[in-house]
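Have a look at the structure below, then the notes.
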Amino acid sequence: MINFLPLGGAGEIGANCYFLKYGNAGIVLDCGLHPQKSGIEALPDFNLIQDQPVDYVLISHAHQDHIDSLPFLVQRHPYIKVISTPQTRAIAELTLHNSISIMRGQINNDKLKIYSHDEVDLLIQSIEYRAYQEEFDLKGFSSKKNTKIKASFHDAGHILGSAGVLIECDEHRIFYTGDINTENQSLIPPAQLPKMKINTLILECTYGSTDSSSTNDWRAETERLTTSINRIISQGGSILIPVFALGKLQEMLAVISNQMTRGRIPQVDIYTGGLGRKISRIYDYNRYSVSRVDPEFELKNIPQKNLYEVDNPSDFFKNPCIVLASSGMMIEGTSSFRLAERWLNQHNSSIITVGYMDPLSPGYKVANARKGDKICLKESGELIEIKCHIENFRFSAHAKREGLIKIVEKLKPDNIILVHGEENAENWVGSSIISRFRGKRVFKPQIGEQINIE
Ligand SMILES: [Zn+2]
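Okay, here's the thing in structure tokens:
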């Protein structure tokens, strides 16, 4: 019997965290923080497992919504074993320290103790790391004597170190996709799925509601972006691209520099910032240790200026430039949010969005507005008229919805549990699976709703 219980990240893309009970073993898959919420509200609902055995947490990748609540889980379950890929561990060392400073200002609750940098150091040291395809045992907790639970990570093609998680016990195979991509990006190649039948698939649904026929592939989007950047630069404007510091910054740097090297975009200044630049170094260090589109390509060879060394934001408009600033969804208080407020006033410049926007995020408001519209960026702020150009592109690190269906076709699962998608995204994936394949059981649990699979 398998019990699956979402603590967050079901019917939403939020604090992704799922509890899996196999016999007497309690395995947590991912431990994310909701990017749109703050304080205790942003955490998964750990109370749902307070009376359960919690033995392991397996981390699929180092994005905030998959790992940033980890220190709080470890506070509650100090003997839990944390396991990830070595790349995820290396990135987490940077990102978890970074998130302390952000959480400090948000948490004022007796039930929740903010963790220190020293505690993060100890946590990082305690993370066991396993390479892709390396099988490891989750020992001793199975309901039957002498049975073992085996697990392994499989390249998910999403960001550096991202992994799908395969767990096997009593001849039942569970595969959790994490965030998964089935197509090439500029740096990271597609996912490498396990070559075996899976019994239960836990499937992300990010792009379930996006009609793939209306979206271009990576190469076509690169062409469209090149045209757009040239147009803005030729009229003397500057370009702001909100990106996640982890993954999207590195991929967009590669896209833009490839086009500059080929002479298809003028050699204007490129600005990047703190955390993203450090993560780029980890991408470079690992270019031979995991598969890459071009292992010879190094991000450090792309000339970049530090956006935090610009004292006056009006300097960005003196000469055409390209600014890659986090956060990707322009969350209030971040660099991209502050810069967007300046950019909206600039007639010749443009804000270019390149990825997924949560419908509640400021980035979503900007992406869905056009020149001349008035939008309210802050919750309680005033209306701002948009004077700059706004264009949206799709450089996705997630599978298209047809790609999700292909994963089902390849892995041949009997049971599919849908997670990590808005309501209508999970609905599309669920109904497509039911109409295309016979005899599949599809589950769409809510947070706190337990699923039992024999
Ligand atoms: Zn992710």
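With the working numbering, the residue at position 120 of the sequence shown is 120, and numbering never jumps. Yeah, the Cβ is synthetic: ideal placement off N, Cα and C, and Gly gets one too.
- Query: Going by other Cβ atoms of all chains shown within 10 Å of its Cβ, with 16 needed for buried, is S186 buried or exposed?
  - Reply: What you label residue 186 is simply residue 186 of the sequence shown in a count that begins at 1. By the neighbour-count rule (16 or more Cβ atoms within 10 Å), S186 is buried.
- Message: I need the DSSP call for K400, collapsed to helix, strand or coil.
- Response: Numbered from its first residue, the sequence shown carries residue 400 at position 400. The answer is coil: DSSP assigns K400 none of H, G, I, E or B.
- Which partner residues does N306 have in the DSSP bridge list? The count along the sequence shown starts at 1 and reaches residue 306 at position 306. According to DSSP, N306 bridges with T272.
- 8 Å Cβ cutoff met for L33 and I27: For this step, residue 33 is matched to residue 33 along the sequence shown. For this step, residue 27 is matched to residue 27 along the sequence shown. It is not a contact, given that the beta carbons lie outside the stated cut-off.
- In the DSSP assignment, what residue or residues form a beta bridge with H172? Taking the sequence shown and counting its residues from 1, one reaches residue 172 at position 172. According to DSSP, H172 bridges with C169.
- Query: Do G237 and P295 have their CB atoms nearer than 8 Å?
  - Reply: Mapped onto the sequence shown, residue 237 falls at position 237. Mapped onto the sequence shown, residue 295 falls at position 295. The answer is no: Cβ separation not under 8 Å.
- Is it true that the region 173-190 meets the region 235-254, where meeting means three or more beta-carbon pairs spaced less than 8 Å apart? yes
- Message: Is it buried or exposed, N24, if we count other Cβ atoms within 10 angstroms and call 16 or more buried?
- Response: Position 24 of the sequence shown, counting from 1, holds the residue named residue 24. N24 is exposed by the Cβ-count criterion.
- Message: Please state the DSSP three-state secondary structure of T182.
- Response: For the purposes of this step, residue 182 is taken as residue 182 along the sequence shown, with counting starting at 1. DSSP places T182 in coil when its eight states are reduced to three.
- For ligand 1, any of its heavy atoms closer than 7 Å to the Cβ of H66? Indexing the sequence shown from 1 puts residue 66 at position 66. True, at least one ligand heavy atom lies under 7 Å from that Cβ.
- Message: Below 7 Å, is the gap between the Cβ of D121 and the nearest heavy atom of ligand 1?
- Response: Counting from one through the sequence shown, the residue named residue 121 turns up at place 121. Result no, Cβ not under 7 Å from ligand 1.
- Message: Strictly by DSSP, which residues pair up with C501?
- Response: This structure cannot settle anything about residue 501, because the visible part of the chain is limited to 1 through 454.
- Below 8 Å between beta carbons: does that hold for G9 and H398? Position 9 of the sequence shown holds residue 9. Position 398 of the sequence shown holds residue 398. Their beta carbons are not under 8 Å apart, which means G9 does not touch H398 by this criterion.
- Item | Assigned secondary structure, A25 (DSSP; H/G/I helix, E/B strand, else coil) | Locating residue 25 in the sequence shown gives position 25, counting from the first residue. Note: A25 maps to strand in three-state DSSP.
- Going by the CB atoms, is the gap between H61 and A156 shorter than 8 Å? Within the sequence shown, the letter at position 156 stands for residue 156. Within the sequence shown, the letter at position 61 stands for residue 61. Cβ atoms of A156 and H61: closer than 8 Å.
- When burial is assigned at 16 or more other CB atoms within 10 Å of the CB, is G328 buried or exposed? One-based indexing of the sequence shown puts residue 328 at position 328. By the 10 Å Cβ count, G328 comes out buried.
- Message: Can you tell me which residues form a DSSP beta bridge with I480?
- Response: For residue 480 there is no data in the structure shown, the boundaries of the chain being 1 and 454.
- Message: In this structure, how does DSSP classify L383 when only helix, strand and coil are distinguished?
- Response: Walking along the sequence shown from the start, residue 383 turns up at place 383. The answer is coil: DSSP assigns L383 none of H, G, I, E or B.
- Query: On the premise that L360 lies in contact with Q36, defined as a C-beta separation below 8 Å, what is that separation, rounded to the nearest angstrom?
  - Reply: Counting from one through the sequence shown, the residue named residue 36 turns up at place 36. Counting from one through the sequence shown, the residue named residue 360 turns up at place 360. About 5 Å; that satisfies the 8 Å criterion.
- Task: Provide the residue span of the beta strand (DSSP E) that contains P242, from first to last.
- Result: Residue mapping note: residue 242 aligns to position 242 of the sequence shown, counting from 1. Note, P242: beta strand (DSSP E), 239-242.
- Message: For a test of the three-state rule: what should DSSP assign to Y207, helix, strand or coil?
- Response: Here residue 207 corresponds to residue number 207 of the sequence shown, with the count starting at 1. Y207: coil per DSSP, three-state reduction.
- Task: Report yes if the C-beta distance between V408 and L418 is below 8 Å; otherwise report no.
- Result: The residue you call residue 408 lines up with position 408 of the sequence shown. The residue you call residue 418 lines up with position 418 of the sequence shown. No.
- Note the first and the last residue of the continuous beta strand (DSSP E) segment covering T505. Any question about residue 505 goes unanswered here, given that the chain covers just 1 to 454.
- Task: For H456, verify whether its CB is less than 7 Å away from any heavy atom of ligand 1.
- Result: Since the first and last residues shown for the chain are 1 and 454, residue 456 lies out of range.
- Message: According to DSSP, is I451 part of a helix, a strand, or is it coil?
- Response: Walking along the sequence shown from the start, residue 451 turns up at place 451. In this structure, I451 counts as strand in the three-state DSSP scheme.
- Task: Return the Cβ separation of V310 and F316 in integer angstroms, given the expectation that the two are a contact with Cβ distance under 8 Å.
- Result: Taking the sequence shown and counting its residues from 1, one reaches residue 310 at position 310. Taking the sequence shown and counting its residues from 1, one reaches residue 316 at position 316. Contact flag correct, Cβ pair sits at about 7 Å.
- Message: Would you say the beta carbon of I407 is closer than 7 Å to some non-hydrogen atom of ligand 1?
- Response: As a first step, residue 407 is located in the sequence shown; it is residue number 407 there, counting from the start. Because no heavy atom of ligand 1 lies under 7 Å away, the Cβ of I407 does not count as near it: no.
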